[in-house]
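Q: Handing you a structure now.
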Ligand code: BES
Ligand code: MN
Ligand code: ZN
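Numbering (my numbering), first residue to last: 2 to 474.
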């Protein structure tokens, strides 16, 4: 239980003073081969023979006269070819996974040097829990100056942690496993943690979390972690932790169910972000709430047409048991809102509709803070963790009306599914100053420079960058 390779992210770096045999890596802009110093005629001829010009997103190993690797050239093109957005130096993600074992250094400080170093580590991740180990002998390590290295390593660990959580199948990532990981994090950072499990959820008034999780023998729970001094700005993260989403009785077809181990991607993102906030010592009072459950099929499952109580008191008619994420989040949000935090950030693989609108690489985000709506997308794009603002458009609120309850959990129409889901969540938040909700896919559909195909805690780095600016100025 609670297995993760995240702490090995540090092994993608070598710390301390450069050694004479560190292998230099040249970032080569378009048509920039001539500007590379320290190449002899044979090496230049080698690059030419490979048709390497700096234009493509390519890596070429450059041999020395002894046949060893003397240096490495990475083409970064016009400077705007980051992955999936941001500066080209993010292409350093190609190196951490692609180079032979050894220690490397950047030949000269690239633009966005910290991002480039982070990209190296993000690109080096692989999910090997179920593979025979030790297939490849050793890692390619990047030489990092000690200054600033803590932040880079912590960020890489956080992303690796989020990926491990998402990639681990539901058989090994049940609500109890999410709890175990949260406890490891709390221990590492000296945070307080309490967990409400199974029937205690009813006694403690979390009826929706209980209802969604009650058909599974893997008991649902609410994880509540707190860290930092009272009196500092209160930031509350809420993450959807559905460890498997069958759809419940309104069951999903096989193709839609196949990837539903990733339906705890919001929880993974919230925990990754929490590791960054605590590890980098942001000046805030942090609270992390993870409602986690398995949305199963069984004789005790909640049903279409049921009317359920919620923590806030609003009754909810179940139009579809597959809209379970918003239900568990509603109870967690009611708890979050009660202590009037400055900010509530919600992370969830909430709707297929967000993917229909924006595709898998671009999470949707919703907020009542117009300034954040304007400033976050360009900031997020600039570090290669993009997102896009969609409106919390009140005109659709009435579509969540119910004939027999205070609200329905779905609007039975194919329209604006991501917006109505966001509006549903917003009903449970009235006191927090700022509300932001991130509807993410949580998955990279194919290998790219910043990581392999598989789980990705999208938006965690973007929100961290925003908070870092707000809380350290
Ligand atoms: N976890 C899904 C949403 C999802 C599906 C995210 C695929 C990413 C990829 C969520 O619980 C769900 O099933 N939502 C339904 C809501 C509908 C019943 C109103 C959806 O989006 O189809
Ligand atoms: Mn669902
Ligand atoms: Zn779901």
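Using N, Cα and C, we set each Cβ at its ideal position, and we do this for glycine too.
Whole angstroms are fine: how far does the CA of residue 311 sit from the CA of residue 197?
A: 16 Å
Q: Does the Cβ-Cβ distance between residue 247 and residue 241 come in under 9 Å?
A: no
Q: Could you pull out every unbroken alpha helix (DSSP H) segment of at least 4 residues lying fully inside the segment 336-391, listed in chain order?
A: 353-359, 371-383
Q: Just to check my reading of the structure: residue 440 and residue 349 have Cβ atoms closer than 8 Å, yes? What is that Cβ distance to the nearest angstrom?
A: 6 Å
Q: Check each candidate in 324, 379, 261, 313 and name the one with the smallest Cα separation from residue 423.
A: 324
Q: Using three-state DSSP, classify residue 431 as helix, strand or coil.
A: It is coil, neither helix nor strand.
Q: How about residue 267 and residue 347: are their beta carbons less than 9 Å apart?
A: yes
Q: Can you give me the Cβ contacts of residue 79 inside the same chain, cut-off strictly under 6 Å, excluding the 5 residues immediately before and after it?
A: 31
Q: For residue 401 and residue 143, what's the separation of their Cα atoms in angstroms?
A: 52 Å
Q: With respect to the beta strand (DSSP E) encompassing residue 242, which residues constitute its N-terminal and C-terminal limits?
A: In this chain, the beta strand (DSSP E) harbouring residue 242 covers 242-246.
Q: Residues around the ligand BES, please: the ones whose beta-carbon is closer than 5 Å to some heavy atom of it, in chain order.
A: Result (chain order): 246, 264, 321, 323, 324, 326, 350, 352, 353, 411.
Q: Mapping the DSSP letters down to three states, classify residue 105 as helix, strand or coil.
A: strand
Q: Would you kindly work out how many angstroms separate the C-alpha atoms of residue 121 and residue 260, rounded to a whole number?
A: 27 Å
Q: Leaving out the 5 sequence neighbours to the left and right, which residues in its chain are closer than 8 Å to residue 299 when beta-carbon positions are compared?
A: 216, 217
Q: Just checking my contact of residue 292 with residue 264 at CB under 8 Å: how many whole Å lie between their CB atoms?
A: That belief does not hold up - the Cβ atoms of residue 292 and residue 264 are roughly 12 Å apart, past 8 Å.
Q: For residue 386 and residue 65, what's the separation of their Cα atoms in angstroms?
A: 37 Å
Q: Identify whether residue 414 lies in helix, strand or coil by the three-state DSSP scheme.
A: Of the three classes helix, strand and coil, the one that applies to residue 414 here is coil, per DSSP.
Q: I'd like the span of the beta strand (DSSP E) that includes residue 198, first residue to last.
A: 193-198
Q: Could you tell me which of 132, 159, 384 sits nearest to residue 457, measuring between CA atoms?
A: 159
Q: Under the assumption that residue 223 contacts residue 207 (Cβ atoms under 8 Å), give the Cβ distance between them as a whole number of angstroms.
A: Contact flag correct, Cβ pair sits at about 6 Å.
Q: Helix, strand or coil for residue 298 per DSSP?
A: coil
Q: DSSP on residue 227, reduced to helix/strand/coil?
A: strand
Q: When every heavy atom of the ligand ZN is checked, does at least one fall within less than 8 Å of the C-beta of residue 52?
A: no
Q: Look at the Cβ atom of residue 403, then the Cβ atom of residue 317, and state whether they are nearer than 9 Å.
A: Judged by beta-carbon spacing, residue 317 lies within the 9 Å limit of residue 403, meaning their Cβ atoms are closer than that value.
Q: Use the C-beta contact count for residue 16: other C-beta atoms within 10 angstroms, 16 or more gives buried, fewer gives exposed.
A: Exposed, since its Cβ has fewer than 16 Cβ neighbours within 10 Å.
Q: Using the C-alpha atoms, what's the distance from residue 249 back to residue 258?
A: 11 Å
Q: Any idea which residues DSSP pairs residue 210 with across the strands?
A: None, per the DSSP bridge assignment.
Q: I need the straight-line Cα distance from residue 118 to residue 8, nearest angstrom please.
A: 16 Å
Q: For residue 227, which of 243, 188, 256 has the nearest alpha-carbon?
A: 188
Q: Helix, strand or coil: how does DSSP classify residue 222 here?
A: strand
Q: CB-CB under 7 Å to residue 89, same chain, minus the five flanking residues each way: which ones, in chain order?
A: 77, 78, 80, 81, 82, 83
Q: If you count every other CB in all the chains shown that lies within 10 Å of the CB of residue 399, and 16 or more means buried, which is it?
A: exposed
Q: DSSP three-state label for residue 290, please.
A: strand
Q: Taking buried to mean at least 16 other C-beta atoms within 10 Å of its own C-beta, is residue 270 buried or exposed?
A: buried
Q: Since residue 476 is in the beta strand (DSSP E), which residue starts that stretch and which ends it?
A: Shown here, the chain extends from 2 to 474; a query on residue 476 therefore has no answer.
Q: Could you give the DSSP three-state label for residue 409: helix, strand or coil?
A: strand
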